[in-house]
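Comments concern the structure below.
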Amino acid sequence: MFANIHKRVNRNLPPKRLKRNRVINIENPEFFQMENGLKVLIVENHKLPIVRIGLEFDYQPFLEKNKSGIRKIFSQMLRAGTKNYSKEELDDVIDYMGISLYTSFSEIYVSTLKKYLTKSISIISDIVMNNDFDNSLELERIIKQRIIDINISEKDPNSILERVKNILYFGSDHPYGEYETEETIKNITSDDLKKMYNKYYIPNISYISFIGDVTRKEIEKLCNLYFSVWEKKTYVEEVIKKEYNIPSSSEINIVDLPTLTQSSICIGSPVNLRKNDIPYFSSMLANGILGGGAQSRLFLNLREKKAYTYGAYSILRPDKYIGCFSVYTQVRNEVTDEAIKDILKEISNMAKDKVSLEELNIKKNEISGQFILDLEDPNRIIDLFICELKNDLPKGFYKNYLNNIKSVTIDDVYKSCNNEKLFPNKRIVIVGKSTEILKKIRKLGMPIRYFDKFGNPLN
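Quick note on the numbering used here: the sequence shown kicks off at 15 and runs consecutively.
Right under this line is the structure:
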């Protein structure tokens with residue numbers, strides 16, 4: 015019998031690949047919109063008596079100006095008490111039910127047992143509709159803690175690098191470029207928090223999601239009970255500037271910290287890339303090949319081959335308003351110039367020579383595999399659906415995600431790497447000890463400018 019099997023199978027030929035349907039069967043959440051504009055999403059999962067509730071606000075980025083840092087203070091003050099609960103009472107209720115509550119300016123999440131679903135929804139509705147921000151002692155404590163955190167970050171070269179990079183990319187007069195200081199934090203008052211609360215905590219720019227042991231019928235009832243009185247208001251987006259600080263030619267920007275024994279480096283620029291742009295998928299694959307993980311060109315060169323660093327990676331961040339491309343690494347002072355040369359060479363090679371089919375397929379499989387793995391989490395399905403709505407993406411964008419990845423060709427990647435709108439002239443930002451790196455850096459032949467820790471020019 016076994017002999018007959020061997021006769022039927024030619025083991026000298028590679029196994030045939032199974033044809034797979036690359037369209038992911040992502041089941042759309044149940045969806046309805048309340049009269050006040052609140053958008054409600056539901057994913058039923060009755061395996062466990064657990065429900066995750068998420069509330070998100072869809073607002074345009076805005077300047078915090080002389081109160082920069084107010085959103086971080088706001089997120090903590092959301093738990094400082096409402097008109098119906100003091101902070102202590104709210105904490106006691108949360109501890110008794112064993113729920114987890116997360117608050118930020120743009121998101122509120124609760125994970126609860128099914129038996130506490132109604133109470134959990136009432137707490138969220140109380141936070142978003144009845145917050146008074148009158149707990150002056152808690153506000154004082156939060157501000158003091160935030161100032162301590164800021165002072166600690168002032169000694170961290172990576173925090174300094176990120177702040178200066180954002181200022182140089184976007185400008186301090188842009189929401190992505192401004193930064194908090196001890197002075198701006200001290201400017202924040204409870205009245206400021208109330209004004210933000212009244213402007214941005216409105217149902218017509220909000221999404222609420224329910225994932226777990228629920229049905230649409232009971233959610234409709236609970237939403238009508240707890241959110242129908244949430245008042246709809248006119249939301250007017252603030253005008254933000256659309257000009258960004260791209261240098262006329264690549265340049266080096268140095269922040270001198272004499273105590274450092276290694277340089278923190280960021281190379282990149284703002285980029286015009288949105289998820290609904292045609293080059294989105296090819297650009298993300300290109301970035302993955304360049305610096306996305308342990309098999310990327312930057313990692314294999316700077317870490318494995320040259321031993322300059324523990325890691326080098328690149329980030330291409332699409333954004334509805336303005337994205338950015340950045341390469342990050344930390345290297346010893348004596349090899350700062352060589353690391354920069356190698357990074358620039360790897361970026362140049364991406365635009366000069368087409369990537370190999372092997373590289374492209376490895377990155378396609380890696381991104382596709384991670385996407386499929388993420389979908390095992392029902393929370394991720396809600397996130398993708400809301401992302402489609404908030405970013406005006408084509409319907410079924412994520413259902414066709416794998417097909418879009420698969421369809422990217424070597425030529426597509428090559429075109430993306432040569433798109434000046436996506437990859438314009440770059441800033442090379444270095445936080446390091448200038449007396450040890452400057453002599454070699456000058457040999458790179460680029461303009462050099464000095465800045466302080468807050469992005470102010472020194473020359």
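The beta-carbon is built from N, C-alpha and C at its ideal position, and this holds for glycine as well.
Once the 5 residues before and after residue i are set aside, which same chain residues still bring their CB inside 6 angstroms of it?
i	result
R394	D388
R85	F119
I462	I266
F46	V54
G68	Y123, S223
Looking at the structure shown, is residue i part of a helix, part of a strand, or coil, going by DSSP?
i	result
L69	strand
A321	coil
R177	helix
G83	coil
F465	strand
Q47	strand
R93	coil
E58	strand
S263	coil
G446	strand
E107	According to the sequence provided, residue 107 is Val. The question's Glu does not apply to it. In this structure, V107 counts as helix in the three-state DSSP scheme.
N393	helix
Q295	Note on identity: in this sequence residue 295 is Phe, with Gln being the wrong assignment. Reduced to three states, the DSSP call for F295 is helix.
S139	helix
T195	coil
I455	helix
R288	coil
Y190	coil
D270	strand
P471	strand
If you follow the alpha helix (DSSP H) that residue i is part of, which residue opens it and which one closes it?
i	result
G282	Counting along the chain, G282 falls outside any alpha helix (DSSP H), though it belongs to the beta strand (DSSP E) covering 276 to 285.
Y474	Outside the shown range of the chain, which is 15 to 473, sits residue 474, and nothing can be said about it.
Y214	204 to 214
V427	424 to 431
Please work out which residues of its chain come closer than 7 angstroms, Cβ to Cβ, to residue i, disregarding the five sequence neighbours upstream and downstream, and give them in chain order.
i	result
N149	A94, G95, K101
L472	Y464, F465, D466
I141	L92, T96, I122
C431	A300, M364, A365, F437
L371	I424
P171	L271, L274, S278, V445
Roughly how many whole angstroms lie between the Cα atoms of residue i and residue j?
i	j	result
F88	L407	30 angstroms
K97	E103	11 angstroms
E154	D206	14 angstroms
K53	L236	14 angstroms
S263	G459	12 angstroms
D106	S223	25 angstroms
A353	D425	28 angstroms
N35	P284	Residue placement at N35 is flagged as unreliable, the pLDDT there being 47, under the threshold of 50; the coordinate-derived value follows with that caveat. So the two alpha carbons sit approximately 37 angstroms from each other.
I199	I156	10 angstroms
R31	D391	Bear in mind that a pLDDT of 43 at R31, under 50, signals an unreliable position, so the model cannot answer this.
Y183	I336	10 angstroms
For the beta strand (DSSP E) containing residue i, list its first residue and its last residue.
i	result
R346	337 to 346
Enumerate in chain order the residues of its own chain whose CB-to-CB distance from residue i is below 8 angstroms, with the five nearest sequence positions on each side excluded.
i	result
K378	L299, I419, K420, V422
N290	N405, D406, L407, P408, F411
F147	M91, A94, L153, S204, L207, K208, Y211
Decide if residue i is buried, meaning its Cβ has at least 16 other Cβ atoms within 10 Å, or exposed.
i	result
N180	buried
Y322	buried
K453	exposed
A308	exposed
N375	exposed
N363	exposed
C338	buried
F313	buried
S114	exposed
H60	exposed
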